[in-house]
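Enquirer: In this note's numbering, the protein residues as written are 132 to 429.
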């Protein structure tokens, strides 16, 4: 009777599955705001807790994330941007779940010792348009599953991927009808010999990924001041898209000239005209003023 009982116990122990538990880190990838492709080498540290031969080989994979497919996306409310996870930096095959049958879409991991570092690549293509401001994020499950039959366990953790898009407003000052140039942030209006009513024009072009307001201020409060005797001045009318306004008092209290509740991804053109007021009996010599444009997000 004792022998039969002992055989039953030995048989029961041999039928147990091997628990190949693995600890894996829970990393965070933070992409930067950029107009270029980005690739982040992500190091995953794996630690196993069994020396059994059944616990020497594993599959590493990633869940679909919030997109519900392997066309993974980072989400910012109703807005999204594509990204994905790859075994190698120069491959176009994204990694799938460790539970999928396709072994070519999973990373094969051999662990002959208790510790292993595995590197995968998280890639964010260059955006094809200006992105809405806010935090784009996604969470995917990191899955480590033993490859040997009769083994259980493995390990799970979470990969969080973020892209924070901050307000980005850019101004360009160009001649009337000119194209946007991010390096052109100043413009000179030359009136030559000043006469009453003479007008000079330019375009203010705004590119923004958010709603914005444009304000203007004048160093001499809407006047051209004599370069040597600044108390001698020639006033002017400041026109915005055909509507004239005065810049008197704008040095201490800038005046809003334009606002938009929507982004201007392709460039919003604001036409600016400066028309001289009375120039009769003014002191001869050069006159000048400095006009400053300020853009802030709504």
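Built from N, CA and C at the ideal position, the CB exists for glycine as well. These numbers were taken from a predicted model, which means no experiment stands behind them.
Can you check which of these residues, 212, 422, 239, is closest to residue 335 by C-alpha distance?
Expert: Along the chain shown, read from residue 1 onward, the residue named residue 335 stands at position 204. Closest by alpha carbon: 422.
Enquirer: Go ahead and pull the three-state DSSP assignment for residue 346.
Expert: Looking up residue 346 in the chain shown gives position 215. Reduced to three states, the DSSP call for residue 346 is strand.
Enquirer: What residues in its chain sit with their C-beta under 7 Å from that of residue 186, if we drop five residues either side in the sequence?
Expert: If you number the chain shown from 1, residue 186 lands on position 55. Counting only Cβ-Cβ distances below 7 Å, and skipping sequence neighbours, we find 149, 151, 179, 277, 282.
Enquirer: Spatial neighbours of residue 424 within its chain, please: CB distance less than 7 Å, with the 5 preceding and 5 following residues excluded, ordered by chain position.
Expert: Numbered from 1 along the chain shown, position 293 holds the residue referred to as residue 424. Counting only Cβ-Cβ distances below 7 Å, and skipping sequence neighbours, we find 302, 335, 345, 347.
Enquirer: What number of angstroms, rounded off, separates the C-alpha of residue 382 from the C-alpha of residue 296?
Expert: Position 251 of the chain shown, counted from the start, is the residue given in the question as residue 382. Position 165 of the chain shown, counted from the start, is the residue given in the question as residue 296. So the two alpha carbons sit approximately 32 Å from each other.
Enquirer: Out of 286, 269, 168, state which residue places its alpha-carbon closest to the alpha-carbon of residue 292.
Expert: In the chain shown, residue 292 corresponds to position 161, counting from 1. The option with the nearest alpha carbon to residue 292 is 269.
Enquirer: Spatial neighbours of residue 133 within its chain, please: C-beta separation below 6 Å, excluding the five flanking residues on both sides.
Expert: Within the chain shown, residue 133 is the residue found at index 2, counting from 1. With a pLDDT of 38 at residue 133, under the threshold of 50, the predicted position of this residue should be treated as unreliable, and no value is reported.
Enquirer: Quick check: the stretch 325-341 against the stretch 399-415, are there 3 or more CB pairs under 8 Å?
Expert: With the cut-off at 8 Å, the stretch 325-341 and the stretch 399-415 touch.
Enquirer: In this structure, how does DSSP classify residue 370 when only helix, strand and coil are distinguished?
Expert: For the purposes of this step, residue 370 is identified with residue 239 of the chain shown, where counting begins at 1. In the structure shown, residue 370 sits in a strand (DSSP, three-state: E or B).
Enquirer: Where does residue 159 land, buried or exposed, given buried means 16+ other C-beta within 10 angstroms?
Expert: Within the chain shown, numbered from 1, the residue matching residue 159 stands at position 28. The residue is exposed, with fewer than 16 neighbouring Cβ atoms inside 10 Å.
Enquirer: If you draw a straight line from the alpha carbon of residue 261 to that of residue 211, how long is it in whole angstroms?
Expert: The residue you call residue 261 lines up with position 130 of the chain shown. The residue you call residue 211 lines up with position 80 of the chain shown. Computed Cα separation, rounded: 12 Å.
Enquirer: Which residues in the same chain have their Cβ closer than 6 Å to the Cβ of residue 196, if we skip the five residues on either side of it in sequence?
Expert: Within the chain shown, numbered from 1, the residue matching residue 196 stands at position 65. Within the same chain, residue 196 has close Cβ partners 203, 269, 271.
Enquirer: By DSSP, does residue 257 sit in helix, in strand, or in coil?
Expert: Indexing the chain shown from 1 puts residue 257 at position 126. Of the three classes helix, strand and coil, the one that applies to residue 257 here is coil, per DSSP.
Enquirer: Who pairs with residue 321 in a beta bridge, going by DSSP?
Expert: Numbered from its first residue, the chain shown carries residue 321 at position 190. Residue 321 is not bridged to any residue.
Enquirer: Measuring only the C-alpha atoms, how far is residue 184 from residue 166?
Expert: Position 53 of the chain shown holds residue 184. Position 35 of the chain shown holds residue 166. Their Cα atoms are separated by approximately 48 Å.
Enquirer: Is it true that the CB of residue 377 sits closer than 7 Å to the CB of residue 353?
Expert: Within the chain shown, numbered from 1, the residue matching residue 353 stands at position 222. Within the chain shown, numbered from 1, the residue matching residue 377 stands at position 246. Their beta carbons are under 7 Å apart, which means residue 353 touches residue 377 by this criterion.
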